[in-house]
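Residue numbers (our numbering): 21 to 432. What follows is one structure encoded as structure tokens, with my remarks underneath.
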């Protein structure tokens with residue numbers, strides 16, 4: 021890879037174990053097949069079985085801070101279709117953070133990338149920094165300007181403090197600074213060496229050293245990202261996620277989609293980026309959480325901020341989606357058991373099924389037993405409209421196995 025990056029004629033990289041990955045020629049790059057007058061460049065030999073090749077990191081939301089309206093606590097301002105196995109927790113409680121990190125560590129997750137928007141979250145992040153250090157886990161801070169365009173300026177002192185921890189993620193001596201940017205962000209570089217990698221989508225700002233992918237319903241879009249040139253930051257970041265099913269009272273970001281965890285994991289393993297960001301550990305408002313959880317009943321309060329001046333209790337009917345999406349992949353109102361009755365299915369599920377799948381994948385990759393058989397037609401989404409229903413079907417075609425069809429049915 022390093023030799024390739026030094027050659028102007030080399031314009032692409034395919035990360036695929038056991039194959040010739042780089043064919044250089046004046047016309048560009050052709051992977052896996054030898055060409056006349058071409059030179060094969062191999063990456064350094066793969067680590068022995070048991071060595072970690074890719075670091076899987078969980079995108080972590082520290083915004084659950086004890087039912088306080090003035091600090092953007094998501095039990096107050098958010099809503100959700102799901103319930104955490106820990107209940108509606110307060111991350112100022114160190115025991116909760118310890119339980120979460122122990123679960124991640126047991127799942128072979130290497131560390132956390134912590135979303136950071138407001139100074140009111142500092143105490144939680146301090147706890148996470150301390151507890152990840154004691155567990156030998158890595159950490160990075162995702163500078164997020166969604167609620168605060170001046171976050172770079174206001175976070176300067178804390179970022180200096182946090183990046184000085186020995187377990188902060190670095191590449192070539194540079195602190196890894198992921199940025200969840202908005203157009204109005206007031207960028208000001210921190211006074212230390214850093215790689216600023218921004219969320220992919222449109223032309224990156226001039227100050228960015230690279231990009232990382234975010235949740236998308238299109239595997240082809242994600243595949244294109246992996247094939248792009250990531251030489252600016254000298255490393256690549258992948259993404260793995262279960263899907264997206266948001267529940268905001270005043271907006272809907274995108275049409276819900278699920279059944280994406282296995283395909284995105286397999287796609288990431290095909291390319292072997294340095295990091296794979298698991299999106300997310302605990303964003304309940306957008307339904308991306310990998311933390312064990314189940315579907316909540318529709319008539320139960322989904323927002324329980326206890327202050328009198330806060331909005332009344334919300335149920336899923338308050339979601340501004342125009343329809344009631346069904347998740348038939350998780351248990352209904354319990355850790356283990358049948359799925360949502362409206363799915364009209366006899367299937368059962370466990371709250372930790374997604375996390376178990378992630379764990380199995382990481383461990384198979386670490387031990388060299390993972391069989392990566394990804395192909396372009398493996399996962400195809402089809403949308404069908406019928407009376408009173410919006411149906412998004414995910415047709416899944418693994419090689420050498422029978423076709424399996426999963427469906428997400430969304431009531432209009």
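Ideal placement from N, C-alpha and C gives every residue a C-beta, glycine not left out.
A distance below 9 Å separates the beta carbons of residue 74 and residue 385. Every beta strand (DSSP E) stretch that sits fully inside the segment 184-272 and reaches 3 residues is listed by chain position as 194-200, 214-219, 230-232 and 257-260. In the structure shown, residue 79 adopts extended strand secondary structure according to DSSP, grouped into three states. The Cβ atoms of residue 202 and residue 264 lie no closer than 9 Å to each other. The shortest C-alpha to C-alpha distance from residue 383 to any of 181, 110, 348 and 289 is the one to 289.
Residue 204 counts as exposed, since fewer than 16 other C-beta atoms from the protein chains shown sit within 10 angstroms of its C-beta. Counting only the Cα atoms, residue 306 lies some 9 Å from residue 101. Here the C-alpha atom of residue 217 lies approximately 20 Å from the C-alpha atom of residue 186.
For the pair residue 137 and residue 168, the CB atoms are nearer than the 9 Å cut-off. The beta-bridge partner set that DSSP reports for residue 313 consists of 104.
Remark: C-beta atoms of residue 77 and residue 215 do not approach each other more closely than 9 Å. Assigned with DSSP and collapsed to three states, residue 369 falls in strand. In the structure shown, residue 355 falls within a coil segment according to DSSP collapsed to helix, strand and coil. Distance from residue 199 to residue 140 at the Cβ level is roughly 20 Å; contact not present, criterion being Cβ atoms closer than 8 Å. If you check the CB distance, residue 160 and residue 132 come in under 9 Å. The C-alpha of residue 260 is placed about 9 Å away from the C-alpha of residue 286. DSSP places residue 122 in the helix class (H, G or I) of the three-state scheme. For residue 136, the enclosing beta strand (DSSP E) stretches over residues 131-136. In this structure, residue 262 sits away from residue 242, with a CB-CB distance that is not shorter than 9 Å.
Taken atom to atom, the span from the alpha-carbon of residue 109 to that of residue 174 is near 27 Å. Across the structure, residue 129 and residue 178 are spaced so that their CA atoms are roughly 25 Å apart. Residue 359 places its beta carbon 9 Å or farther from that of residue 103.
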